Amino acid sequence: MFQTDSHPVDKDARKGRAAGSNASGRFETHERVPEADGWDIVEETGQIRTQVRDEQARSLISYNKSPDLPFDRSINPYRGCEHGCIYCFARPTHAYLGLSAGLDFETRLIARPNAALILAEELGRKSYRVAPIAIGTNTDPYQPIEKQRGIMRECLEVLWEHRHPVAIVTKGTGILRDLDILRKMAKLGLVRVGVSITTLDRDIARTMEPRVPAPEKRLEVVRSLARAQIPVRVMVSPVVPGLTDSEVEAILTAGQSAGASSASWIMLRLPREVSPLFQDWLAEHYPNRAARVMARLREMHGGKEYASDWHRRMRGEGPYAAMIGQRFKAAARRLGLDQAQPALRCDLFRVPVKPGEQLSLF
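Position 219, counted from 1, in the sequence shown is what the UniProt record's numbering calls 219; the numbers after and before it change by one each time, with no gaps.
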């Protein structure tokens, strides 16, 4: 049984995970707290394993009107993410499922096996108007379970069949399995990819992003995509003040050497439950840096740990945020990474004729 309390979970039980606790979701009316049963016997706690359950999606394309985002629609083949990045801004979404933003987000995953079918239905509606679809902006489509489930690949096949543009963000090496589809899409200007590299330090990466491929593996993904002539962007995301901020130039240099043609950055942001989870993680792994990290974040958000104001939430404001922005801009210009990725084509979109349907005469 999973613990769903706000108390720290035994280290052995959460080995290979980032979150140290599993507080009940914010919409829950009750909280489960471990209590001794009266017997003076030490109970063994086994290691928490990943659980996956299926959800039959009723709709797939999510629309947004955020002025901070370069896309207005996205899809998610999975809910939750086994990569387990402690800073993941999507953690609070698990509360809508009655689950915790802590360990539940990393270990209790939802797969949507009918995602490709629903996607095809939505793209086939007469009311649909084509624009690039983003994938990986919430949870990573190439997290470990994709290797067995293949739901992302099925969605890619639908997008290719419809000649629909797509922008993918990932940390996973699993994307290389789909090079056959991505190459075809790239030749028609239908795909671009962003690869997130938060740090080049293996030790920091191992604790902060426990089930994400090592930094050098992600650079190899950049290299392989570039060789396949698929537009690839290196994403310095997120920049963690006082922990990874010194690596901005090094990450950009490594990305450019691997073949990236553009770059972007986002500052660490800690909405809702992410803040206490991240602070607990800092206290456990980097206690000597914790005060500095949080002080920098509060400087950028008017004294708060996070402010969700449009146009400021992604990068913060103030002298420190401006300095990071200037360093990034200077390095990107020097390395030739300051150009935006090519616009994706929308003029090739089509709705394939289904078996049994009559072909149009015009």
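Just so it is clear, CB atoms sit at the ideal spot from N, CA and C, and this is done for glycine as well. Treat the numbers as computed from the prediction; the structure is a model and nothing was measured.
Status (buried if at least 16 other CB within 10 Å, exposed otherwise) for residue i
i: Lys15; result: exposed
i: Tyr78; result: buried
i: Phe27; result: exposed
i: Lys171; result: buried
i: Val129; result: Residue identity differs from the one stated: residue 129 is Arg in this sequence, not Val. Classification for Arg129: exposed.
i: Asp203; result: exposed
i: Asp140; result: buried
i: Glu216; result: exposed
i: Lys354; result: exposed
Limits of the alpha helix (DSSP H) - the one that residue i falls within
i: Met267; result: Counting along the chain, Met267 falls outside any alpha helix (DSSP H), though it belongs to the beta strand (DSSP E) covering 262-267.
i: Arg350; result: No alpha helix (DSSP H) contains Arg350, which DSSP labels as neither H nor E.
i: Trp310; result: That residue, Trp310, is in no alpha helix (DSSP H); it is neither H nor E in DSSP.
i: Glu284; result: 274-285
i: Glu122; result: 115-123
i: Gly255; result: 248-258
i: Thr207; result: 202-208
i: residue 364; result: The requested residue 364 does not occur in the structure, where the chain is confined to residues 1 to 362.
i: Ala343; result: Unbroken run through Ala343: none, as it is neither H nor E.
i: Ser297; result: Here residue 297 is Leu; the residue named in the question, Ser, does not match the sequence. Here the alpha helix (DSSP H) through Leu297 covers 290-300.
i: Phe328; result: 319-335
i: Val212; result: Careful: Val212 lies outside any alpha helix (DSSP H) and carries neither H nor E.
Beta-ladder partner(s) of residue i, from DSSP
i: Pro8; result: Ser21
i: Ser74; result: Ser62, Ala134
i: Val158; result: Bridge partners of Val158: none, in fact.
i: Gly194; result: Val169, Arg233
i: Val52; result: Leu109
i: Val239; result: Met267
i: Arg79; result: Ile110
Length of the line joining the Cα atoms of residue i and residue j
i: His94; j: Ile230; result: 33 Å
i: Pro276; j: Ala291; result: 14 Å
i: Phe362; j: Arg350; result: Legend: pLDDT at Phe362 = 48, less than 50; position of this residue unreliable, no value from coordinates given.
i: Pro67; j: Pro132; result: 16 Å
i: Pro165; j: Cys346; result: 6 Å
i: Asp280; j: Asn138; result: 23 Å
i: Glu305; j: Arg298; result: 5 Å
i: Val221; j: Val239; result: 20 Å
i: Gly194; j: Arg233; result: 5 Å
i: Val248; j: Gly303; result: 25 Å
i: Ile324; j: Arg296; result: 12 Å
i: Asp72; j: Tyr63; result: 6 Å
i: Leu156; j: Ile181; result: 7 Å
i: Leu337; j: Ala258; result: 12 Å
i: Ser237; j: Ser74; result: 19 Å
i: Gly25; j: Leu200; result: 33 Å
i: Leu123; j: Ala343; result: 20 Å
i: Gly20; j: Asn114; result: 33 Å
i: Arg211; j: Arg153; result: 21 Å
i: Ser308; j: Pro352; result: 41 Å
i: Pro8; j: Glu284; result: 11 Å
i: Gln326; j: Gly255; result: 18 Å
i: Thr198; j: Met314; result: 15 Å
i: Ile86; j: Phe278; result: 6 Å
i: Asp105; j: Pro70; result: The question names Asp, but residue 105 in the sequence shown is Phe. Their Cα atoms are separated by approximately 26 Å.
i: Glu146; j: Ala18; result: 20 Å
i: Gln348; j: Pro213; result: As written in the sequence, residue 348 is Leu, which differs from the Gln given in the question. Their Cα atoms are separated by approximately 34 Å.
i: Glu55; j: Ala322; result: 43 Å
i: Val52; j: Ile110; result: 6 Å
Best match in the options for proximity to residue i [C-alpha to C-alpha]
i: Pro319; options: Ala330, Met300, Ala307; result: Met300
i: Tyr286; options: Asp338, Ser262, Thr207, Val232; result: Thr207
i: Ser196; options: Ala13, Cys88, Lys184; result: Cys88
i: Lys187; options: Ser308, Trp160, Lys329; result: Trp160
i: Arg218; options: Leu109, Leu252, Asp10, Gly80; result: Leu252
i: Asp178; options: Leu200, Glu216, Leu225; result: Leu225
i: Gly102; options: Arg149, His311, Ile48; result: Ile48
i: Val293; options: Ser246, Val9, Asp203; result: Ser246
i: Ala134; options: Leu109, Gly80, Ala205, Leu60; result: Leu60
i: Glu99; options: Asn22, Gln341, Gly174, Lys65; result: The amino acid at residue 99 is misidentified as Glu; the sequence shows Leu. Minimum Cα distance to Leu99 is reached at Asn22.
i: Gly84; options: Leu117, Tyr142, Leu97; result: Tyr142
i: Arg223; options: Leu190, Ser261, Thr244; result: Ser261
i: Glu273; options: Arg91, Arg125, Ala332; result: Arg91
i: Arg334; options: Arg312, Gly316, Lys354, Ala263; result: Ala263
i: Gly242; options: Pro215, Asp140, Met267; result: Met267
i: Gly316; options: Lys329, Ala332, Leu270; result: Leu270
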